[in-house]
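Down below is the structure, laid out as structure tokens.
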Amino acid sequence: MEVILKKTVNFFICSSVLLVSLFNVSVAYAQEEFQTQITMTFDKSEDDDNNVSEIYNILARQHFSPVNLSNHPYAEAAFLERIGSVAVFYGINNLDNPSFGKADGPLYGGIVTYMKPGFPLVIDAMIAKSDVEFNPPVDGVLTLDTYGLKMSIYVKNGFLIGFGYTRQELEVSGVSVVNGAFDEDTYELSSKFVNKFGNGRAINIEAEVGITQFDDPGDDGSNTTIDIVGDYYFTPGVSFGSHFGLNSGDEKNVEGDTVSVNINTFVSPFFSVALEFEKFFAENSEGTDDDSFHITLLARF
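Have a look at this one:
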């Protein structure tokens, strides 16, 4: 029973990472000039043990100055123009576990990104919180607090290298099988490179190496992750991308490989739709394969 709950805890953390990823990934932009954007996302994941997670989220972002899209891929405009922003988000996380039943609760937080033209440093700060309550037969509560800080430097325009730290604190209470704290500290070294070829074509390449140190009740250790992301822009508003990730270490039930593909299309200068399909292949019998689907709608003003 404890193993099943631990899988649920890890599944909960992994689903929350879908929102935490907003801390590290630029979202799509369009229009000659804009300053405000609204992003709505729907994420659904299901593993081979029939654990299902659904997240509905809305994010509002205000840039500190107008973002100019001239001669840029729409999704990379703020990165290339070096325009900072502040954002807040709110979402609902629904979980369905065959052994523990259903659970739901809010996920909310804020993100601040400081950067400006001509200044080589980028500072990102993030805070998020989620409270999920199980329904009968389990009367338990999962509370997740996440804090993140990232420092980056532009080696040159279009090329960024950064170091980030993320802290996750998960409290489990009201569950007879196991109660206590599940803590994680993640240290990441990342890079991002955007190269424009002309005629609206461009490529984005991102790489990240992370070490996650975990401290669970009765267990501790670390895992290493390697992620590579690539996007090709056929036009400033249409791109196709893929992601490959590796996870290995002491936490056996999250060891494995991740592969995803995505397409992002601006159907008008004011609105974009992005779709992503992701597959996780577990390395051993302690983990489970997982399929995920993500859809993102974005509007700017």
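In this note's numbering, the protein residues as written are 736 to 1036.
Positions of the beta carbon are idealized from the N, C-alpha and C atoms, including for glycine.
The model shown is predicted, which means the values in this text are computed figures rather than measured ones.
- Item | Sheet register partners of N997 (DSSP bridge) | The residue labelled residue 997 in the question sits at position 262 within the sequence shown. DSSP, once it has assigned bridges, lists G976, E1011 as partnering N997.
- Could you pull the start and end residues of the alpha helix (DSSP H) that E990 belongs to? Within the sequence shown, residue 990 is the residue found at index 255, counting from 1. Annotation for E990: no alpha helix (DSSP H) segment contains it, and DSSP assigns it neither H nor E.
- Sequence-distant residues of the same chain with beta carbon closer than 7 Å to Y791, five excluded per side: Position 56 of the sequence shown holds residue 791. F777, G826, I827, listed in sequence order.
- Query: To which residues of the same chain is T1031 closer than 6 Å at the C-beta, ignoring the five residues directly before and after it?
  - Reply: Against the sequence shown, residue 1031 aligns to sequence position 296. Excluding sequence positions up to five before and after T1031, its CB lies within less than 6 Å of the CB of T776, A1009, all in the same chain and listed in chain order.
- Which two residues bound the contiguous beta strand (DSSP E) that contains E904? The residue labelled residue 904 in the question sits at position 169 within the sequence shown. Judged by DSSP secondary structure, E904 falls within the beta strand (DSSP E) whose first and last residues are 894-908.
- Message: I want to know whether the segment 929-943 touches the segment 901-909 - three or more CB-CB distances under 8 Å.
- Response: The segment 929-943 vs the segment 901-909: no contact.
- Message: Within 8 Å, do at least three Cβ pairs link the segment 980-999 to the segment 1010-1021?
- Response: Because the criterion of three Cβ pairs below 8 Å is met, the segment 1010-1021 and the segment 980-999 touch.
- According to the Cβ coordinates, are N997 and G980 closer than 7 Å? Counting from one through the sequence shown, the residue named residue 997 turns up at place 262. Counting from one through the sequence shown, the residue named residue 980 turns up at place 245. Taking C-beta atoms as the reference points, N997 and G980 fail to come closer than 7 Å.
- Query: When burial is assigned at 16 or more other CB atoms within 10 Å of the CB, is L924 buried or exposed?
  - Reply: The sequence position of residue 924 within the sequence shown is 189, counting from 1. Here L924 is exposed. Its C-beta has fewer than 16 other C-beta atoms within 10 Å.
- Message: If you measure between the beta carbons of K779 and F1028, is that distance less than 7 Å?
- Response: If you number the sequence shown from 1, residue 779 lands on position 44. If you number the sequence shown from 1, residue 1028 lands on position 293. It is a contact, given that the beta carbons lie within the stated cut-off.
- Pull up the DSSP beta-bridge partners for L879, would you. Counting from 1 along the sequence shown, the entry for residue 879 is found at position 144. Looking at the DSSP output, L879 sits in a beta bridge with S865, L905.
- Query: Cα-Cα, which of L877, S800, I818, G984 is closest to F949?
  - Reply: For this step, residue 949 is matched to residue 214 along the sequence shown. Comparing Cα positions, the closest option is G984.
- Can you name the residues that DSSP bridges to G1038? Outside the displayed span of the chain (736 to 1036) sits residue 1038, for which this structure offers no information.
- Item | Selection from P841, S887, V867, F835 that minimises the alpha carbon distance to D859 | As a working note, residue 859 is residue 124 in the sequence shown. Shortest Cα-Cα distance from D859 to any of P841, S887, V867, F835 involves S887.
- Where does L815 sit, in a helix, a strand or coil, going by DSSP? One-based indexing of the sequence shown puts residue 815 at position 80. Here L815 carries a helix assignment [DSSP, helix/strand/coil].
- Could you check the C-alpha separation between T881 and D784 for me, to the nearest Å? Position 146 of the sequence shown holds residue 881. Position 49 of the sequence shown holds residue 784. Distance between the alpha carbons of T881 and D784 is about 26 Å.
- My guess is that G972 and T1000 are in contact by the Cβ rule of under 8 Å, so how many angstroms apart are they, rounded? As a position in the sequence shown, residue 972 is number 237, starting the count at 1. As a position in the sequence shown, residue 1000 is number 265, starting the count at 1. Sure, about 7 Å apart at Cβ, within 8 Å.
- Message: Distance check for A812 and R936, CA to CA, integer angstroms please.
- Response: On the sequence shown, residue 936 is found 201 positions in, with the first residue counted as 1. On the sequence shown, residue 812 is found 77 positions in, with the first residue counted as 1. Each residue's CA atom was taken as its position, placing R936 and A812 some 14 Å apart.
- Label K851 either buried or exposed according to how many other C-beta atoms from any shown protein chain fall within 10 Å of its C-beta, with 16 as the threshold for buried. On the sequence shown, residue 851 is found 116 positions in, with the first residue counted as 1. When all chains shown are included, K851 counts as exposed.
- Residue range of the beta strand (DSSP E) that includes G840: Taking the sequence shown and counting its residues from 1, the one referred to as residue 840 is at position 105. Per DSSP, G840 belongs to the beta strand (DSSP E) from 836-849.
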